[in-house]
Amino acid sequence: MFFNFRINRLFSGWGSFFSRRNKNIFVAVFLIIFLIVAAVFLLLQAKTEEDLPDSFLEANAAASQISRFITNSTNESVKKLEEINLEHKAGNYEKAFYMTIEEIKKNNQVREQALLLSNELQKMAASAKDIKSPKAQQLIIQAISSEIALVTHLLIYNEYWNLLLENLKNKFLGLSPEFSEVKTSELIEKINNEVVTINELNRKYHTLIEEFKRAI
Numbered sequence: 154m155f156f157n158f159r160i161n162r163l164f165s166g167w168g169s170f171f172s173r174r175n176k177n178i179f180v181a182v183f184l185i186i187f188l189i190v191a192a193v194f195l196l197l198q199a200k201t202e203e204d205l206p207d208s209f210l211e212a213n214a215a216a217s218q219i220s221r222f223i224t225n226s227t228n229e230s231v232k233k234l235e236e237i238n239l240e241h242k243a244g245n246y247e248k249a250f251y252m253t254i255e256e257i258k259k260n261n262q263v264r265e266q267a268l269l270l271s272n273e274l275q276k277m278a279a280s281a282k283d284i285k286s287p288k289a290q291q292l293i294i295q296a297i298s299s300e301i302a303l304v305t306h307l308l309i310y311n312e313y314w315n316l317l318l319e320n321l322k323n324k325f326l327g328l329s330p331e332f333s334e335v336k337t338s339e340l341i342e343k344i345n346n347e348v349v350t351i352n353e354l355n356r357k358y359h360t361l362i363e364e365f366k367r368a369i
């Protein structure tokens, strides 16, 4: 209920920015927050640290920290969009423009962190060979593969989100006076499609982790 309220409140003031049929973009943003956070944390809860290789635990700790950064950055991006909207409504177009530029820079940082997260997941997969149980080893490799695929789709999502910000920037520059409504609709549809895929991969990941816990 709380998150539905946040989505509706955030959308309600955007006026000319997004048409009502494009409201799902905010649903997509909030979903992304939950799909990345805590995914790798579950690994540490599987068993005691003695049951897992040191290299595995180290990579997991690094992946957890990166996931936290991605989650916080995504959440902050939603808040900044609302602030940009308020500046736009107040007629502070120059400030809204520079805020949008800053969000594009931060979005690029999220992309860099997502690439680092993928690297740490690959390290975890490589160290899984040292897990004693063959069944547990196979399950954790499958789970990590799902998470790597999830990060791949997160990068695609990130790229679409960046294009949407560029579209908004062009509006403030006067290069896109109608905010490229057709282009915006296409981007939002692509974003939501990525969210569906990420959600499916996330469910698969958690299912495999539960099987891993029982096998180790």
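In terms of our numbering, the sequence shown is residues 154 to 369.
Every residue gets a Cβ at the ideal spot worked out from N, C-alpha and C, and that includes glycine.
Checklist entry - Cβ-heavy atom distance between K366 and the ligand FMN below 7 Å? => result Questions concerning the ligand FMN fall outside what the structure shown contains, since it holds no ligand whatsoever.
Checklist entry - Among residues of its own chain, excluding the 5 on either side of D204, which ones have a beta-carbon nearer than 7 Å to its beta-carbon? => result I369
Item to check | Given 8 Å, three or more beta-carbon pairs between the segment 292-303 and the segment 220-235 | outcome: Contact fails: fewer than three Cβ-Cβ distances are below 8 Å.
Checklist entry - Just reading off the alpha helix (DSSP H) that S280 is part of, what are its end residues? => result Y246 to S280
Item to check | Cβ pair A212, E256 closer than 8 Å | outcome: no
Checklist entry - So the alpha helix (DSSP H) A372 belongs to, where does it begin and stop? => result Outside the displayed range of the chain (154 to 369) lies residue 372, so it cannot be described from this structure.
Item to check | Environment of S217 [buried if 16+ CB atoms lie within 10 Å] | outcome: Answer is buried; the Cβ neighbour count reaches 16.
Next on the checklist: Can you find the residues in the same chain that come closer than 8 Å, C-beta to C-beta, to T350, ignoring five residues on each side of it along the sequence?
Outcome noted: H306
Next on the checklist: Output needed for D283: all residues of its chain with C-beta closer than 8 Å, excluding positions within five of it in sequence on either side, in chain order.
Outcome noted: For D283, where only same-chain residues beyond five positions count, the Cβ hits under 8 Å are P206, S208 and F209.
Next on the checklist: Can you check which of these residues, F365, A281, E319 and V263, is closest to Y251 by C-alpha distance?
Outcome noted: E319
Checklist entry - With DSSP run on the structure shown, which of helix, strand or coil describes A243? => result coil
Next on the checklist: If you reduce the DSSP assignment to three classes, tell me which class L205 lands in.
Outcome noted: coil
Checklist entry - Given a threshold of 16 other Cβ atoms within 10 Å of its Cβ, counted over all protein chains shown, does R174 qualify as buried or as exposed? => result Residue placement at R174 is flagged as unreliable, the pLDDT there being 49, under the threshold of 50; the coordinate-derived value follows with that caveat. Under this definition R174 is an exposed residue.
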